[in-house]
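Numbering (my numbering), first residue to last: 334 to 510.
Glycine residues also receive a C-beta, built at the ideal position from the N, C-alpha and C atoms.
This one's a predicted model, so the numbers in the text were calculated from it and none came from an experiment.
First comes the structure, then the notes that go with it.
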Ligand SMILES: [Zn+2]
């Protein structure tokens, strides 16, 4: 190991033994910054690589994903093109699923499904296409969340977009809490 540990967020080096080590991907359990890659395979229809890692300090196993950074853009109903903001989508989904018996990991899965299905190229994605996938995914995992989102989304359709619908939903739920 060299002293340039701080120089990169995730640098993978080949040691003499041929094993892959990655520095700076901190162990979620003990915070140690070196882990051994025990398995590496394509994921999300080939746009990501999933790595199983083992902490070199406490031996806990965890998973990381490596993805190609592509420009993810959304075309709004009014024609304006904006960068896709996964955190807004996550916050909205969290609001739709508030107090529902659905684990947080389900939200991450929806966001990943949207990214994998819609943002595989560099063409801007229609806002309505994202809204449609959100509806489809929610319908599968939780009827109440689906109805919450659908009722707000329908009101906005034509004029606004799913982001406004999700934001509105977040506010509505905060008020009733
Ligand atoms: Zn550890």
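Listed in chain order, the non-local C-beta contacts of residue 381 below 6 Å within the same chain comprise 398 and 400, local neighbours out to five positions each way being set aside. The closest heavy atom of ligand 1 lies 7 Å or more from the beta carbon of residue 367.
Within the same chain, 370, 373 and 397 come within 6 Å of residue 384 by CB-CB distance, once the 5 residues on both sides are set aside. Going by beta carbons, residue 459 and residue 408 fall inside the 8 Å limit. In the three-state DSSP reduction, residue 370 falls in the strand class (E or B). Around the CB of residue 362, fewer than 16 other CB atoms lie within 10 Å, so the residue is classed as exposed. In this model, residue 473 and residue 480 are separated by some 12 Å (Cα to Cα).
Taking a contact as a CB-CB distance under 8 Å, the pair residue 466 and residue 440 does not count as one, their CB atoms being some 14 Å apart. The C-beta distance from residue 388 to residue 420 rounds to 28 Å, too long to fall under 8 Å, and the pair is not in contact.
Looking at the backbone, the Cα of residue 413 and that of residue 437 are separated by about 31 Å.
Residue 362 has its CB nearer than 7 Å to a heavy atom of ligand 1. The C-beta separation of residue 390 from residue 365 comes to about 4 Å, placing the pair in contact by the 8 Å criterion.
For a cut-off of 8 Å, the C-beta gap from residue 478 to residue 430 is around 5 Å, short enough to register as a contact.
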